[in-house]
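Each residue of the sequence shown is one higher than the one before, starting from 9 at the first, in the working numbering.
Notes to accompany the following structure.
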Amino acid sequence: MKKIDLKKTFKQLYRPSDKVITDVTVPAFKFLMIDGIGDPNTAQSFQEAVGALYSLSYTIKFSKKSESPDFDFTVMPLEALWWSKNMDAFTDGKKDEWEWTCMIHKPDFILEADVISAKESVLKKKGLLAVNDVRFETFEEGRSAQILYIGPYADEASTIKNIHQFIHDADCELSGYHHEIYLSDPRRTAPEKLKTIIRQPMRSKE
């Protein structure tokens, strides 16, 4: 059986255009999630959170694959929800004021018991205490606007403004959290070539 790749299964959500903003509907998905606050470039808690998510994800992957080849899946990219008490922080690039939830999408066949077992294994083998803060939840965004942004994270502001304008032009309003999906590894990719899906949930004005 082929390895399950949710990026291909849900390609309309994980392979958007980099030319035009699109209106999509995002269903309920399962995620490993962990919360924090601060600039991802400087906050140690962010790096620890990402490390915990990936350690758990790969532990779950290999555990399920050992049960059956039918359960083999590709680990999904890191995603993050961002918000702030001051919403201008998004468009002004004040990331030190951003609160966040880092998360990784999981196939539907992953269960809470798989996560609990993976946490025990990671704590025993690696001692990553941040795994204790990871939760397993179903998250649904619904109608959203999104685009593939290519370039440095620091230069996202104009693209975010364009998405917000797209939503307003559709006679809608922002709903839920600013969402980014990181398709590139910043350790191995030049800043100008980084690929990031930028998504913003929206709803019709009442």
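Where is the CB? At the ideal position from N, CA and C, for every residue including glycine.
Being a predicted model, the structure only gives us computed values, none of them experimental.
Spatial distance of residue i from residue j (CA atoms)
i, j, result
"residue 228", "residue 91", "Since the first residue shown for the chain is 9 and the last is 214, residue 228 is missing from the structure and cannot be characterised."
"residue 109", "residue 10", "31 Å"
"residue 72", "residue 143", "19 Å"
"residue 194", "residue 202", "7 Å"
"residue 174", "residue 184", "16 Å"
"residue 64", "residue 127", "7 Å"
"residue 78", "residue 12", "8 Å"
"residue 15", "residue 23", "7 Å"
"residue 54", "residue 88", "11 Å"
"residue 160", "residue 182", "24 Å"
Cβ separation of residue i and residue j, assumed to be a contact under 8 Å, to the nearest whole Å
i, j, result
"residue 21", "residue 112", "Incorrect: roughly 15 Å between the Cβ atoms, too far for contact."
"residue 155", "residue 25", "7 Å"
"residue 129", "residue 180", "44 Å between Cβ atoms; not a contact."
Endpoints, alpha helix (DSSP H) assigned at residue i
i, result
"residue 177", "165 to 177"
"residue 116", "First-last for residue 116: undefined, no H or E at that position."
Beta carbon of residue i nearer than 8 Å to that of residue j
i, j, result
"residue 149", "residue 85", "no"
"residue 171", "residue 118", "no"
"residue 31", "residue 151", "yes"
"residue 157", "residue 197", "no"
"residue 60", "residue 178", "no"
"residue 146", "residue 38", "yes"
"residue 42", "residue 141", "yes"
"residue 81", "residue 115", "yes"
Residue from the options whose Cα sits closest to the Cα of residue i
i, options, result
"residue 105", "154, 204, 132 and 44", "44"
Residue i: first and last residue of the uninterrupted beta strand (DSSP E) it sits in
i, result
"residue 38", "30 to 45"
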